[in-house]
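Protein sequences appear in the order of chains A and B. If you count by the working numbering, then the first sequence holds residues 1 to 78, one letter each, in order. If you count by the working numbering, then the second sequence holds residues 79 to 156, one letter each, in order. From the three backbone atoms N, C-alpha and C, an ideal C-beta is built for every residue, glycine too. Computed from a predicted structure; not experimentally measured. One structure is given below, encoded as structure tokens.
Number of protein chains: 2
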Amino acid sequence: MTRKAIFYHAGCPVCVAAEDRITEIIDRSRIDLEIVHLGDAPGRIDEAEAAGVRSVPALVVDGAALHINHGADLAALR
Amino acid sequence: MTRKAIFYHAGCPVCVAAEDRITEIIDRSRIDLEIVHLGDAPGRIDEAEAAGVRSVPALVVDGAALHINHGADLAALR
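Okay, here's the thing in structure tokens:
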């Protein structure tokens with residue numbers, strides 16, 4: 001079964017570096033990875049927050065938010 | 079080519095949750111994942127710090143430290 005993971009970011013340097021590492025190590029044959037730029041898609045900030053995201057970059061897997069390093073607080077993107 | 083990634087943790091609940099997610103999504107066919115419990119292996123704290131790890135849980139990939147959520151500062155483990 002393919003699982004879904006969503007990587008939320010805001011285009012910041014910390015975000016880009018984290019995205020590079022995550023896309024590099026993730027098993028794409030099992031994980032359907034969606035990458036969401038919250039600056040471009042502010043309508044998805046609520047969805048990220050509901051999943052527990054407090055800052056970007058963050059990866060949501062199976063409903064759990066993994067905050068990866070710290071680029072910006074979600075509140076700063078609104 | 080197989081790459082190496084090292085997941086450093088200290089057995090805390092935040093660490094265990096992050097470890098579960100990371101081991102779940104990582105591509106083991108391409109990534110050689112080593113898991114290091116710094117409480118059990120304090121001799122490796124210096125190595126983690128040299129790789130840029132400031133807190134656990136953290137994943138070091140290609141020499142870059144990804145801090146995943148926040149369980150404990152590295153300094154607290156010494």
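- Message: Against residue 146 of chain B, what residues of chain A qualify as contacts under a CB-to-CB distance less than 9 Å, listed in chain order?
- Response: The residue you call residue 146 of chain B lines up with position 68 of the second sequence. Within chain A, the residues near residue 146 of chain B are 59, 66, 67, 68, 69.
- Residues near residue 21 of chain B in its chain [Cβ-Cβ closer than 6 Å; skip 5 each side]: One cannot answer for residue 21 of chain B here, as it falls past the ends of chain B, which runs 79 to 156.
- Item | Minimum C-alpha distance to residue 113 of chain B - residue among B:144, B:148, B:83, B:140 | Locating residue 113 of chain B in the second sequence gives position 35, counting from the first residue. Among B:144, B:148, B:83, B:140, the Cα nearest to that of residue 113 of chain B is on B:83.
- Closer than 9 Å, CB to CB, is residue 25 of chain A near chain B or not? The count along the first sequence starts at 1 and reaches residue 25 of chain A at position 25. Yes, its Cβ sits closer than 9 Å to a Cβ of chain B.
- So which residues of chain B does residue 31 of chain A contact, with C-beta pairs closer than 8 Å? Within the first sequence, the letter at position 31 stands for residue 31 of chain A. Simply 103.
- Message: Between the alpha carbons of residue 140 of chain B and residue 118 of chain B, how many angstroms are there, rounded?
- Response: Here residue 140 of chain B corresponds to residue number 62 of the second sequence, with the count starting at 1. Here residue 118 of chain B corresponds to residue number 40 of the second sequence, with the count starting at 1. Spanning the two alpha carbons is a distance of roughly 24 Å.
- Message: Please report the straight-line C-alpha distance between residue 135 of chain B and residue 56 of chain A, rounded to a whole angstrom.
- Response: In the second sequence, residue 135 of chain B corresponds to position 57, counting from 1. In the first sequence, residue 56 of chain A corresponds to position 56, counting from 1. Taking the straight line from one Cα to the other gives about 17 Å.
- Query: With DSSP run on the structure shown, which of helix, strand or coil describes residue 121 of chain B?
  - Reply: Position 43 of the second sequence, counted from the start, is the residue given in the question as residue 121 of chain B. Three-state DSSP puts residue 121 of chain B in a helix.
- Nearest candidate by alpha-carbon position, reference residue 110 of chain B, set B:149, B:151, B:125, B:138: For the purposes of this step, residue 110 of chain B is identified with residue 32 of the second sequence, where counting begins at 1. Looking at the Cα atoms, B:138 is the closest of the given residues.
- Message: Please report whether the beta-carbon of residue 140 of chain B lies at a distance below 9 Å from any beta-carbon of chain A.
- Response: Looking up residue 140 of chain B in the second sequence gives position 62. Chain A contact via Cβ: present.
- Message: Give me the chain B residues within the contact set of residue 48 of chain A, using Cβ-Cβ distance strictly less than 7 Å, ordered along the chain.
- Response: Here the question's residue 48 of chain A lines up with position 48 in the first sequence. Neighbours of residue 48 of chain A on chain B: none; closest Cβ ~15 Å, over 7 Å.
- Message: Against residue 150 of chain B, what residues of chain A qualify as contacts under a CB-to-CB distance less than 7 Å, listed in chain order?
- Response: For this step, residue 150 of chain B is matched to residue 72 along the second sequence. The premise fails here: residue 150 of chain B is roughly 15 Å from chain A at the closest Cβ pair, so nothing lies under 7 Å.
- Item | Closer than 8 Å at the beta carbon, the chain A residues around residue 119 of chain B | Indexing the second sequence from 1 puts residue 119 of chain B at position 41. Ordered by position in chain A, no residue passes the 8 Å Cβ test against residue 119 of chain B, which lies about 22 Å from the chain.
- Could you tell me whether any Cβ in chain B is nearer than 9 Å to the Cβ of residue 22 of chain A? On the first sequence, position 22 is the one that residue 22 of chain A refers to. Yes - at least one Cβ of chain B is within 9 Å of the one on residue 22 of chain A.
- Task: Check whether the Cβ atoms of residue 66 of chain A and residue 99 of chain B lie closer than 9 Å to each other.
- Result: Your numbering for residue 66 of chain A matches position 66 in the first sequence. Your numbering for residue 99 of chain B matches position 21 in the second sequence. Yes. Within cutoff.
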